[in-house]
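The block underneath contains the structure these notes are about, expressed in structure tokens.
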Amino acid sequence: MQKKVLYIDFDSTIANAEKSICKIYNEKYKDHEEFTEAKWREVKDWTFKYTCTLITKLYENPSEKIAELFGSDEFFNNLTLYMDAERVLKKLNEVHDVIICTSATPANASRKVLWIEENIPYISEVIVVINTGSNGVGKGRIHMIENNSVFIDDHPENLISTKAKEKYLFKYKDTLFNQNWDGKVVSSWLEIEKIFCEESES
Ligand SMILES: [Mg+2]
Numbered sequence: 005m006q007k008k009v010l011y012i013d014f015d016s017t018i019a020n021a022e023k024s025i026c027k028i029y030n031e032k033y034k035d036h037e038e039f040t041e042a043k044w045r046e047v048k049d050w051t052f053k054y055t056c057t058l059i060t061k062l063y064e065n066p067s068e069k070i071a072e073l074f075g076s077d078e079f080f081n082n083l084t085l086y087m088d089a090e091r092v093l094k095k096l097n098e099v100h101d102v103i104i105c106t107s108a109t110p111a112n113a114s115r116k117v118l119w120i121e122e123n124i125p126y127i128s129e130v131i132v133v134i135n136t137g138s139n140g141v142g143k144g145r146i147h148m149i150e151n152n153s154v155f156i157d158d159h160p161e162n163l164i165s166t167k168a169k170e171k172y173l174f175k176y177k178d179t180l181f182n183q184n185w186d187g188k189v190v191s192s193w194l195e196i197e198k199i200f201c202e203e204s205e206s
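Each number in this note's numbering comes from the position in the sequence shown (counting from 1) with 4 added on.
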């Protein structure tokens with residue numbers, strides 16, 4: 005089995021960003037009279053308008069407000085990995101080259117890199133595309149043209165913008181933006197393990 009280069013997205017692929025944002029929201033807005041609890045499994049888009057409803061109601065530019073939360077200390081203090089992600093990442097890293105590829109605002113980028121160093125220190129390479137906009141999709145994704153390169157991302161637009169040989173949509177749950185993808189799909193880290201670790205044991 006040949007060693008592969010695996011480029012893996014960070015937010016909503018490795019780390020459960022929605023869960024962290026909902027936790028901050030529930031804490032910050034719980035005393036507002038129109039508050040209803042935000043549940044991360046129900047997040048459908050990057051303005052969180054169906055889940056963190058007060059953000060759309062109270063702020064003129066909701067996606068800017070969400071981007072601000074993404075760059076906050078609270079976001080990284082509450083951030084957790086998806087189930088099995090830590091164990092599988094470690095295992096993948098032993099058999100393949102694993103590179104995290106992510107887009108970020110400057111505030112988010114600096115904290116994100118430190119979070120990665122602290123929580124998944126065995127990942128030695130991180131590509132950060134600085135995106136000062138707040139739409140969460142980096143237009144300038146790297147063209148991954150190496151032989152055997154694989155790209156795993158939760159956003160179809162990011163997958164489309166690369167030239168990776170194998171592209172996998174990480175679809176942990178349904179969202180508004182992940183419906184129109186007819187390529188390969190993985191829905192958990194156990195599936196990623198099955199494809200890229202068991203393959204390499206044979
Ligand atoms: Mg993502």
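No residue lacks a Cβ here, since even glycine has one placed at the ideal position from N, Cα and C. Keep in mind that this is a model prediction, so the values were computed, not measured.
Asked	Found
Beta-carbon proximity check, F174 vs V190, cutoff 8 Å	yes
Segment limits, alpha helix (DSSP H) that includes C201	Note, C201: premise wrong, no alpha helix (DSSP H); not H, not E.
Per DSSP, cross-strand counterpart(s) of E170	V154
With 16 other Cβ atoms within 10 Å as the buried cut-off, status of K171	buried
Cβ pair count under 8 Å reaching 3, the region 117-128 against the region 26-39	no
Bounding residues of the alpha helix (DSSP H) (the contiguous stretch that carries A71)	66-74
Nearest candidate by alpha-carbon position, reference D186, set H100, H159, P125	H159
Within 8 Å, strictly: CB atoms of F51 and P66	The sequence shown places Thr at residue 51, rather than the Phe named in the question. Closer than 8 Å, so yes.
Top-ranked residue by Cα proximity to I104, from Y63, K95, I156, K48	I156
Pair within 8 Å by beta-carbon distance, A111 and I18	no
Exposure of I131, with buried meaning 16 or more beta-carbon neighbours within 10 Å	exposed
6 Å CB neighbourhood of V47 in its chain, flanking five on each side removed	E22, T55
D158 CB to nearest heavy atom of ligand 1 below 7 Å	yes
Span separating the alpha-carbon of E37 from that of L58	10 Å
Three-state secondary structure assigned by DSSP to K27	helix
Status (buried if at least 16 other CB within 10 Å, exposed otherwise) for S16	buried
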